[in-house]
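Here the structure is laid out as structure tokens; the discussion comes afterwards.
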Amino acid sequence: MLKQKITYKDANQRIDKYVKKYFSNAPLSFIYKLFRKKDVKINNHWVKENYILKENDEISIYVTSSQMEDFIVNQELKKKEFPYQIVYEDKNVLIVNKPRGILVHGDINEKEKTLTNDVLNYLYLKDEYNPRIDIGFTPGPAHRLDRNTAGLVIFGKNVTALQILQDLFKDKKEIEKHYIALVCHPLNQIMEINAPLLKDEKTKMVKVSNAPGSKSALTIVKPIKKYNDFTLVDIKLVTGRTHQIRVHMNYINHPVVGDNKYGDFKINKQIKQLYKFDDQFLQAYEIEFKNISGELSYLSNKKFSCELAKEFSDLLNKLS
Numbered sequence: 278m279l280k281q282k283i284t285y286k287d288a289n290q291r292i293d294k295y296v297k298k299y300f301s302n303a304p305l306s307f308i309y310k311l312f313r314k315k316d317v318k319i320n321n322h323w324v325k326e327n328y329i330l331k332e333n334d335e336i337s338i339y340v341t342s343s344q345m346e347d348f349i350v351n352q353e354l355k356k357k358e359f360p361y362q363i364v365y366e367d368k369n370v371l372i373v374n375k376p377r378g379i380l381v382h383g384d385i386n387e388k389e390k391t392l393t394n395d396v397l398n399y400l401y402l403k404d405e406y407n408p409r410i411d412i413g414f415t416p417g418p419a420h421r422l423d424r425n426t427a428g429l430v431i432f433g434k435n436v437t438a439l440q441i442l443q444d445l446f447k448d449k450k451e452i453e454k455h456y457i458a459l460v461c462h463p464l465n466q467i468m469e470i471n472a473p474l475l476k477d478e479k480t481k482m483v484k485v486s487n488a489p490g491s492k493s494a495l496t497i498v499k500p501i502k503k504y505n506d507f508t509l510v511d512i513k514l515v516t517g518r519t520h521q522i523r524v525h526m527n528y529i530n531h532p533v534v535g536d537n538k539y540g541d542f543k544i545n546k547q548i549k550q551l552y553k554f555d556d557q558f559l560q561a562y563e564i565e566f567k568n569i570s571g572e573l574s575y576l577s578n579k580k581f582s583c584e585l586a587k588e589f590s591d592l593l594n595k596l597s
């Protein structure tokens with residue numbers, strides 16, 4: 278039998294989700310069989326799979342030692358200092374500045390070198406997360422950035438914080454994200470780009486389209502400063518579609534400098550030759566919380582920003 282006490286980090290989630298995370302190698306049929314057979318108890322009382330865990334609950338799961346060996350996978354982490362800028366941190370939330378070129382989560386080709394693993398190693402170092410003890414919940418990002426987009430990523434350190442943050446990013450009414458980008462050609466006025474987007478699942482490319490399946494997308498672009506034939510802009514995402522900024526900027530003929538998917542390849546080549554710059558000049562540089570309720574209400578009306586990436590500021594200096 279397995280016994281575990283629920284901490285504040287694990288609380289406020291459904292018990293079946295907790296058990297699934299704990300026995301991460303087990304098939305769903307095994308998980309729900311435990312509930313059907315009443316082999317999952319809270320404080321010595323049988324509960325249904327939709328029970329919401331509370332801090333200090335004692336969970337008992339009637340499994341054999343061989344089942345635990347087969348179905349529990351301990352994450353391999355190393356205690357390490359966080360290698361990038363930490364913009365803000367408290368017991369619930371961690372806001373970091375992701376460099377371009379790094380995945381937030383792993384994929385088929387890369388599972389080890391990710392921002393999430395760097396965060397978990399750091400929390401392990403601080404004794405705020407232990408992969409051998411905190412099996413029912415793993416701290417994680419509330420949103421994502423593309424590999425080649427730099428900037429702010431927010432992590433939730435416990436279930437409650439992560440759920441609140443994910444809801445904020447999903448609803449978008451009480452959180453505001455701003456990006457900074459260098460785009461091709463002079464831009465002289467604020468522009469509101471209201472153009473629906475459609476993703477091709479085969480090519481993974483996104484385009485402006487009114488075809489069935491397209492999703493509404495709204496981007497607000499404000500010029501900051503001109504650099505020769507380029508413009509530094511502030512971009513506010515009202516919606517958050519895949520590749521939205523890059524597709525919308527290309528749509529209005531102001532593609533992001535260095536964008537190798539939707540950008541101006543001729544200009545990108547010139548920038549590389551003249552200034553040795555071969556990056557995508559796009560960074561999520563500011564996040565503002567509005568009226569936040571619940572456990573994270575103390576973040577209401579707070580704004581967080583990060584340093585401009587060195588390769589970006591170096592290019593601006595050269596263009597000046």
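When we follow my numbering, the leftmost residue of the sequence shown carries the number 278, and every step to the right adds one.
Cβ coordinates follow ideal geometry from the N, Cα and C atoms, glycine included.
Which partner residues does residue i have in the DSSP bridge list?
i, result
"F566", "I452"
"G417", "G433"
"R409", "BP columns for R409 are empty, so no partner."
"L475", "K484"
"G428", "K375 and A561"
"M468", "V498"
"A458", "V510 and L559"
Taking buried to mean at least 16 other C-beta atoms within 10 Å of its own C-beta, is residue i buried or exposed?
i, result
"Q557", "buried"
"H455", "buried"
"P416", "buried"
"A488", "exposed"
"I441", "buried"
"G378", "exposed"
"P418", "buried"
From the beta carbon of residue i, is the nearest beta carbon of chain B less than 7 Å away?
i, result
"I548", "Chain labels in this structure do not include chain B; a single protein chain is all it has."
Taking residue i as part of the beta strand (DSSP E), name the residues at either end of that continuous run.
i, result
"V510", "F507 to L514"
"K580", "K580 to S582"
"L279", "L279 to K282"
Specify, as a first and last residue, the run of the alpha helix (DSSP H) that residue i falls within.
i, result
"T496", "From DSSP, T496 is part of no alpha helix (DSSP H) but of the beta strand (DSSP E) over L495 to Y504."
"K543", "F542 to Y552"
"L400", "L392 to L402"
Is the Cβ-Cβ distance between residue i and residue j less than 7 Å?
i, j, result
"I363", "V373", "yes"
"Y299", "G433", "no"
"L596", "Y504", "yes"
"P463", "T391", "no"
"I349", "D334", "no"
"L559", "V533", "yes"
"V381", "R409", "no"
"I522", "I512", "yes"
"V430", "K357", "no"
Is any heavy atom in the ligand ADP found nearer than 6 Å to the beta carbon of residue i?
i, result
"I410", "The ligand ADP is not among the ligands present in this structure, which contains no ligands whatsoever."
**Prompt:** Hey, which unbroken runs of the beta strand (DSSP E) at 3 residues or more fall wholly within the stretch 302-369?
**Reply:** 317-319, 335-338 and 363-366
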